[in-house]
DNA sequence: AATGCGGGGAA
DNA sequence: TTCCCAGCATT
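Numbering (this note's numbering), first residue to last: 7 to 364.
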């Protein structure tokens, strides 16, 4: 087995990719619109999670014009469960810009791409290279991990200095590549399947020959981990307020976390309060209705990226005229069968499952 | 430069 | 449990 000349890793990488790439829906049929949708969905979200969402989304909204023409509520419904809902709202805003200013087609200059809502450095480079063949390197979590090992870079890879160092060196490498698209996708594919966070498959790696971390036995220690912050825990109570076979939901503000999604009225427990009292108080404060707790339905735990919550659900009955409803946000009285028409956070889906059983 | 943002897969 | 994922917008 002959040693390859040093400095030829980009060609080895792309050769490996062309033999090993996964058959993914946005690779099977590559259009700028499909690349765009896939890249937005893939932000902080794994491929396996994205695939079914992508298929449904492009079937429902086949191009930028149809997306722009849709109601944001329908876009959020298509995004339900995928998380980071600001991505969906920004995508919808960007579709309006593309429909209005670009004739419905994604612009093919990096400057214009970078100006669209939801296009940061990563997505701009990804769409420019994969959709339009422009030589801009992507720098995502995979790339940072691969090169912190390949070049044995100590320190926090997320720091601006190290990111910029990696980006600059990759800009050189991609400039001499015939397919910037394959080069970028190869790096991310390598990070996802070979140069994994734990237990990398160095035996199957096309870059092993020149990998500094492998030669120095450092693959296990790179990239350097930063210490994590403690995650706070919240106690929350919500009320399922029934009226004539329907219960009340309210839509969250578009600028909030989970913006635009629907929920039961409720909120955080205050000092010295029972959870039932919390539910009654929150219902009164949020929607202006006086209610009484009938029973506790269930308690569910849910983990978010930056906190965990224990949510207790109380069935409530009205002790006032429902016309007393006062709420700055949109509200609706719905049945369990109608929940499918609205976008809810994942934790609400757990609650619906319990409500259906009893 | 730091922080907030959801949900899920995998070990 | 814990870690991490094809990051962006805001401050």
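The beta carbon of each residue, even a glycine, is placed where N, CA and C say it ideally should be.
Residues 317, 353, 356, 357 of the same chain have their beta carbon placed closer than 7 Å to that of residue 306, with the five preceding and five following residues left out of the count. Looking at the DSSP output, residue 269 shares a beta bridge with 256. With contacts defined as CB atoms closer than 8 Å, residue 124 and residue 46 qualify as a contacting pair. Its chain contains 43, 84 as the residues whose beta carbon lies nearer than 7 Å to that of residue 63, once the 5 sequence neighbours on both sides are disregarded; these appear in chain order. Taking C-beta separations shorter than 7 Å and ignoring five residues to either side along the sequence, the partners of residue 143 in its chain run 131, 173, 176, 177, 180, 190, following chain order. Sorting 198, 79, 148 by C-alpha distance to the C-alpha of residue 260 places 79 at the top. With fewer than 16 other Cβ atoms inside 10 Å of its own Cβ, residue 263 counts as exposed. Annotation for residue 309: the continuous beta strand (DSSP E) segment containing it runs 297-309. Residue 119 counts as buried, since at least 16 other C-beta atoms from the protein chains shown sit within 10 angstroms of its C-beta.
Secondary structure of residue 247 (DSSP, three-state): strand. The region 245-260 and the region 336-351 touch, with no fewer than 3 CB-CB distances between them shorter than 8 Å. Its chain contains 57, 60, 61 as the residues whose beta carbon lies nearer than 7 Å to that of residue 31, once the 5 sequence neighbours on both sides are disregarded; these appear in chain order.
In the DSSP assignment, residue 195 falls within the unbroken alpha helix (DSSP H) covering 186-199. Under a 10 Å Cβ-count criterion, residue 319 is classified as buried, with 16 or more other Cβ atoms of the shown protein chains found around its own Cβ. Its Cα nearest to that of residue 225, the residue 158 stands out among 267, 36, 168, 158.
Under DSSP, the beta-bridge partners assigned to residue 321 are 246, 301.
Runs of the alpha helix (DSSP H) lying entirely within the region 64-105 and spanning at least 4 residues, in chain order: 70-75, 78-85. The three-state secondary structure of residue 315, taken from DSSP, is strand.
CA-CA distance, residue 269 to residue 205, rounds to 41 Å. DSSP, reduced to helix, strand and coil, places residue 15 within a helical segment of the structure shown. Take the alpha-carbon of residue 329 and the one of residue 294: they are about 10 Å apart. According to the DSSP assignment, residue 338 belongs to the beta strand (DSSP E) that extends over 337-340. Here DSSP, grouped into helix, strand and coil, assigns residue 240 to strand. Between residue 70 and the set 246, 171, 104, the nearest pair of CA atoms involves 104. Considering only 165, 140, 139, the residue with the shortest C-alpha distance to residue 151 is 165. Taking a 10 Å sphere around the C-beta of residue 139, we find fewer than 16 other C-beta atoms and assign the residue as exposed.
When the five nearest sequence neighbours on each side are left out, the beta carbons in the same chain lying within less than 6 Å of the beta carbon of residue 349 are those of 82, 83, 86, 267, in order along the chain.
Counting only the Cα atoms, residue 148 lies some 30 Å from residue 73. In the DSSP assignment, residue 149 falls within the alpha helix (DSSP H) that extends over 147-156. Relative to the Cα of residue 90, the nearest Cα in the group 311, 315, 323 belongs to 311.
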